[in-house]
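Asks: Got a structure here, written out as structure tokens. Questions coming.
2 protein chains.
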Amino acid sequence: MKASRIERLISALQDTEFSLLALNPGASLTYLTGLNFHRMERPIVLWIGVDGKIAVTLPTLEIAKLSLAPMDIKAFPYSDDPQTWQKAFQEAARYLNFRQAVIGVEPNNLRVLEYRFLESAFPEARFHNADHILSPIRMIKEEGEVAAMCKAVQIAQSALQATLPIIKPGVTEKEVASELTIQLLRAGSHPQLPFYPIVASGPNSANPHAVPSDRALKAGDFLVIDWGALYDGYCSDLTRTFSIGDIDPELEKVYSLVEKANENGILAVQPGKTAGSVDQAARRVIQAGGFGEFFTHRTGHGLGMEAHEPPYLYQENDQPLLPGMTFTIEPGIYLPEKGGVRIEDNVLVTDSGRECLTNLPRCLQKLG
Amino acid sequence: MKASRIERLISALQDTEFSLLALNPGASLTYLTGLNFHRMERPIVLWIGVDGKIAVTLPTLEIAKLSLAPMDIKAFPYSDDPQTWQKAFQEAARYLNFRQAVIGVEPNNLRVLEYRFLESAFPEARFHNADHILSPIRMIKEEGEVAAMCKAVQIAQSALQATLPIIKPGVTEKEVASELTIQLLRAGSHPQLPFYPIVASGPNSANPHAVPSDRALKAGDFLVIDWGALYDGYCSDLTRTFSIGDIDPELEKVYSLVEKANENGILAVQPGKTAGSVDQAARRVIQAGGFGEFFTHRTGHGLGMEAHEPPYLYQENDQPLLPGMTFTIEPGIYLPEKGGVRIEDNVLVTDSGRECLTNLPRCLQKLG
């Protein structure tokens, strides 16, 4: 399966400006080869030529991993002395034998570390963003990928349900996050979670990317929990917002708006519509309710091997939705110092509309 | 405390070519400001000027975090539409008001994503590696940093001890890794582990960076466990190798050599000696025993906020050791298809020699 992905990529390269792609460790490299490398202080680059040559520059101690790949990969290893690294890149360049090439890279992944080595190994080359070649392949999920995501959703949902009983006034955000993490592992998530859970209560919930703190939950709080699991290399990413005891009627109203925006966003998903139109469908509800300025982020992001990947659901994005795309729908309203609400689901575009992969209740649940 | 770090950095900048540092999310940014940002698809750059100006380009939804920093940071926010990002970088550049500057960056951290924005915002600037400014500050640990590392060691050691009882023939590598991860959290590690445990048995242990598999342990195996905890932002990183039942006498000999190499490496740590001399002290033992070619990596790496950071202990490194540096000592021997051994400890350079922060037994323990 992996071999056919790389073949598809190589055939997609034929009609482009690219002679060569240079990928460092990350989701695309793993997607194409099945190999996992760390992105650390030692630069690793996988080379894929339009002529079908596949090579890798890597530390000697990583060579054993290459036998796990379902294709031949020519290795150009180097030692732990950084003085030897440039030579390994130059040898790879000689083998690949492209000079005035346009080389495709992933700007969100490639670091200046690798980039400097690429520049010296290919002094006459130009380096261009290759996202528009890789994304269309990775965005359309195969059946096996969707199955892994469904399992990641299931794990995340069970883990939350196993965590709810400990949530009550007096418990801290960190304690909830820690218990939820343990439950994610017990439920079968890979321990390398797609991201560490966000558990944000009271005023902290007004910060969409809050880090769990020592704040103890108390009555009247909103409690935002944003969490996900990793299964077989694929992510889930959910958010639910709870109330601790009774809350202010203004906050209840805010909750209803977000609930309605989430529903509208999900229903707007249709093949052929744009990513932007889904954002607009969710945003319209919040704007009409008078809270537009407090919905400070896009409606969602693609989800798959990475917790954030294309397509991104922001207003201006005219990317058409296609069957097989998977992404989050996660409108929110954040009232500084008062609290915030976000409700996040994971959606698959189907031939006829959408399938919502997540099914935990979306209505306001009172805890504690 | 954080404010004084950034003041120290700014005063160190006075004597350099740099007018400005541009840091993206990662350990140095957190070290200097106490702030944690994700390194995701939205570029975030913290700017530190030699004139004392501090600014940040970031998504609007992250602005709330800035109030946690113990210094004033001028924000240049942008929206979720990528078309707006360049403008935020240009506005920051105008505020910072350096033109033909040399701008310091961290090549191991900065991505081509941010780099392209930097280049357009500062078209007349040159971008140079600033590791030699940041590393000397970060390499020398403060008392509080060492205390956090000691706690991270303690957590890792307790977690392993709590995991040992489940290790016996028939249990898989993944099951051991999963239990160890849960025990790390129960013992108090931050859930964002410095790295996911390596649990490698039998022939898999010959791969220094093996990923836990479904292989079941069996008698005669070496079992390499490489794990660490994160506490208050600081890492521990240990390795122990066990035997499952009785093992081949050749493997026992290999174990003894690695044990001796580890001891020799630790004893070689002295302020004023070089990082390379520690590698040589460990390597000499393995070479004399006839297994030099199977010790395929350096003897160790710096440890602190990052699981791998300077100083790196490779043969050729003439970096002098200084009191306050912390690093691993982890010689290994890897016999393809037979198995591997690695014994890894965490060491602090003191005024008079070294202190070993880890103290789990290093002799060969038989399990199962």
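From first to last, the protein sequence lines are chains A and B. All residue numbers in the first sequence are consecutive under the working numbering, ending with 368. All residue numbers in the second sequence are consecutive under the working numbering, ending with 1368. Glycine included, C-beta positions come from ideal geometry on N, C-alpha and C. None of the values given here were measured: they were computed from a predicted structure.
(1) Taking all protein chains shown into account, do 16 or more other C-beta atoms lie within 10 angstroms of the C-beta of R1373/B, making it buried, or fewer, making it exposed?
(2) Whose C-beta lies closer than 6 angstroms to the C-beta of L1238/B among residues of the same chain, with five residues either side of it excluded?
(3) Go through its chain and collect everything with a Cβ distance to Q1319/B's Cβ below 7 angstroms, but skip five positions before and after it.
(4) According to a CB-to-CB cut-off of less than 8 angstroms, which residues of the segment 1246-1264 of chain B neighbour chain A?
(5) Would you kindly work out how many angstroms separate the C-alpha atoms of D51/A and L58/A, rounded to a whole number?
(6) Within 10 angstroms of the Cβ of N1317/B, are there 16 or more other Cβ atoms? Answer buried if so, exposed if not.
(7) Just confirm the distance between the C-beta atoms of P1077/B and T1060/B, as a whole number of angstroms; I'd bet it's less than 8 angstroms.
(8) Measuring alpha carbon to alpha carbon, tell me which of H308/A, E355/A and H297/A ends up nearest P323/A.
(9) Using the Cα positions of L29/A and S201/A, report the straight-line distance between them to the nearest angstrom.
(10) Once DSSP output is grouped into helix, strand and coil, what is the label at D51/A?
(11) Check each candidate in V1349/B, T1350/B and Y1234/B and name the one with the smallest Cα separation from A1148/B.
(12) A219/A: buried (16+ other C-beta within 10 angstroms of its C-beta) or exposed?
(13) Kindly list, in the order they appear in chain B, the residues whose Cβ is closer than 7 angstroms to that of M40/A.
(14) Are the CB atoms of L160/A and W379/A within a distance shorter than 8 angstroms?
(15) For E309/A, report the span of its beta strand (DSSP E) as first-last.
(16) Hey, is T1296/B's beta-carbon within less than 8 angstroms of any beta-carbon in chain A?
(17) Please return the same chain residues whose Cβ sits closer than 7 angstroms to the Cβ of I1333/B, not counting the five positions on each side in sequence.
(18) Could you run through the segment 1157-1177 of chain B and flag, in chain order, every residue whose CB is less than 8 angstroms away from some CB of chain A?
(19) State the beta-bridge partners of T1326/B as determined by DSSP.
(20) Output yes if chain B places a C-beta closer than 8 angstroms to the C-beta of Q287/A; else output no.
(21) Taking the continuous beta strand (DSSP E) assigned at H301/A, which residues delimit it?
(22) Going by other Cβ atoms of all chains shown within 10 Å of its Cβ, with 16 needed for buried, is A229/A buried or exposed?
(23) Under 8 angstroms by Cβ, that's how I've got A1206/B and P1331/B pegged, so tell me the actual separation to the nearest angstrom.
(24) Taking CB distances under 8 angstroms as the criterion, tell me whether A121/A reaches chain B.
(25) Rounded to whole angstroms, what is the Cα-Cα separation between I1247/B and T1350/B?
(26) Unbroken alpha helix (DSSP H) runs of length 4 or more, entirely within the segment 95-142 of chain A: which are they?
(27) How would you call R1283/B, buried or exposed, if buried means at least 16 neighbouring beta carbons within 10 angstroms?
(28) What is the DSSP secondary structure of G144/A, counted as helix, strand or coil?
(29) What are the start and end residues of each continuous beta strand (DSSP E) run of 3 or more residues lying completely inside the segment 1203-1253 of chain B, in chain order?
(30) Which class does Y1031/B belong to by DSSP, given the choice of helix, strand or coil?
(31) Quick one: which chain B residues come within Cβ less than 8 angstroms of P191/A?
(32) Between the segment 7-25 of chain A and the segment 130-141 of chain A, are three or more C-beta pairs nearer than 8 angstroms?
(33) Just to confirm, is the Cβ distance from D80/A to R1215/B under 8 angstroms?
(34) Does the distance from the C-beta atom of V1375/B to that of F1122/B stay below 8 angstroms?
(35) In its own chain, which residues sit with a C-beta less than 6 angstroms from the C-beta of G49/A, not counting the 5 before and 5 after it?
(36) Excluding sequence positions up to five away, which residues of its chain have a Cβ less than 7 angstroms from the Cβ of A55/A?
Replies: With the given structure in hand:
(1) Residue numbering for chain B in the displayed model covers 1001 to 1368; residue 1373/B lies beyond these limits and cannot be assessed.
(2) For the purposes of this step, residue 1238/B is taken as the residue at position 238 of the second sequence. Same-chain partners within the cutoff: A1156, E1344 and T1358.
(3) For the purposes of this step, residue 1319/B is taken as the residue at position 319 of the second sequence. Excluding sequence neighbours, Q1319/B sits near T1274, A1275 and P1311.
(4) none
(5) Here residue 51/A corresponds to residue number 51 of the first sequence, with the count starting at 1. Here residue 58/A corresponds to residue number 58 of the first sequence, with the count starting at 1. Approximately 21 angstroms between the Cα atoms of the pair.
(6) Reading the second sequence from its first residue, position 317 is the one you call residue 1317/B. The residue in question, N1317/B, is buried, as its Cβ has 16 or more Cβ neighbours within 10 Å.
(7) Numbered from 1 along the second sequence, position 77 holds the residue referred to as residue 1077/B. Numbered from 1 along the second sequence, position 60 holds the residue referred to as residue 1060/B. Yes, they are in contact, since the Cβ atoms of P1077/B and T1060/B sit about 4 angstroms apart, within 8 angstroms.
(8) Counting from 1 along the first sequence, the entry for residue 323/A is found at position 323. For P323/A, the nearest C-alpha among the options comes from E355/A.
(9) Residue 29/A sits at position 29 when you count from the first residue of the first sequence. Residue 201/A sits at position 201 when you count from the first residue of the first sequence. So the alpha carbons of these two residues sit roughly 38 angstroms apart.
(10) One-based indexing of the first sequence puts residue 51/A at position 51. Residue state, collapsed to three classes: coil.
(11) Here residue 1148/B refers to the residue found at position 148 of the second sequence. The candidate whose alpha carbon is nearest that of A1148/B is Y1234/B.
(12) Taking the first residue of the first sequence as position 1, residue 219/A is located at position 219. So A219/A counts as exposed.
(13) Here residue 40/A refers to the residue found at position 40 when the first sequence is read from its first residue. Residues of chain B passing the Cβ test: H1308.
(14) No statement about residue 379/A is possible, as the shown extent of chain A runs from 1 to 368 and does not include it.
(15) Position 309 of the first sequence, counting from 1, holds the residue named residue 309/A. Run containing E309/A: E309 to L313, per the beta strand (DSSP E) assignment.
(16) As a working mapping, residue 1296/B is identified with position 296 in the second sequence. With 8 angstroms as the cut-off, T1296/B counts as an interface residue toward chain A.
(17) Position 333 of the second sequence holds residue 1333/B. Same-chain partners within the cutoff: V1254, L1257, V1258, I1286, F1291, F1294, F1295, G1340 and V1341.
(18) A1177
(19) Translated into positions along the second sequence, residue 1326/B becomes position 326. DSSP, once it has assigned bridges, lists L1348/B as partnering T1326/B.
(20) Walking along the first sequence from the start, residue 287/A turns up at place 287. It does not; no Cβ of chain B falls within 8 angstroms.
(21) Here residue 301/A refers to the residue found at position 301 when the first sequence is read from its first residue. Where H301/A is concerned, the enclosing beta strand (DSSP E) stretches over G300 to G302.
(22) Counted from its first residue, the first sequence places residue 229/A at position 229. That one is buried.
(23) Counted from its first residue, the second sequence places residue 1206/B at position 206. Counted from its first residue, the second sequence places residue 1331/B at position 331. Incorrect: roughly 15 angstroms between the Cβ atoms, too far for contact.
(24) Locating residue 121/A in the first sequence gives position 121, where the first residue counts as 1. No, because no Cβ of chain B sits closer than 8 angstroms to the Cβ of A121/A.
(25) For this step, residue 1247/B is matched to residue 247 along the second sequence. For this step, residue 1350/B is matched to residue 350 along the second sequence. Cα-Cα distance, rounded: 38 angstroms.
(26) 112-121 and 131-139
(27) Looking up residue 1283/B in the second sequence gives position 283. That one is buried.
(28) Walking along the first sequence from the start, residue 144/A turns up at place 144. In this structure, G144/A counts as helix in the three-state DSSP scheme.
(29) 1222-1227 and 1238-1244
(30) Taking the second sequence and counting its residues from 1, one reaches residue 1031/B at position 31. Of the three classes helix, strand and coil, the one that applies to Y1031/B here is helix, per DSSP.
(31) Here the question's residue 191/A lines up with position 191 in the first sequence. Within chain B, the residues near P191/A are A1177, S1178, T1181, L1193, Y1196 and P1197.
(32) yes
(33) The sequence position of residue 80/A within the first sequence is 80, counting from 1. The sequence position of residue 1215/B within the second sequence is 215, counting from 1. No; because the gap between Cβ atoms is not below 8 angstroms, this pair is not in contact.
(34) In the structure displayed, chain B extends from 1001 to 1368; residue 1375/B sits before or after that span and is not available.
(35) Taking the first residue of the first sequence as 1, we reach residue 49/A at position 49. So the qualifying residues of the chain are L20 and L96.
(36) Within the first sequence, numbered from 1, the residue matching residue 55/A stands at position 55. If we look at A55/A and ignore the five residues flanking it on each side, its Cβ neighbours are W47, I73, K74, F76, A92, Y95 and L96.
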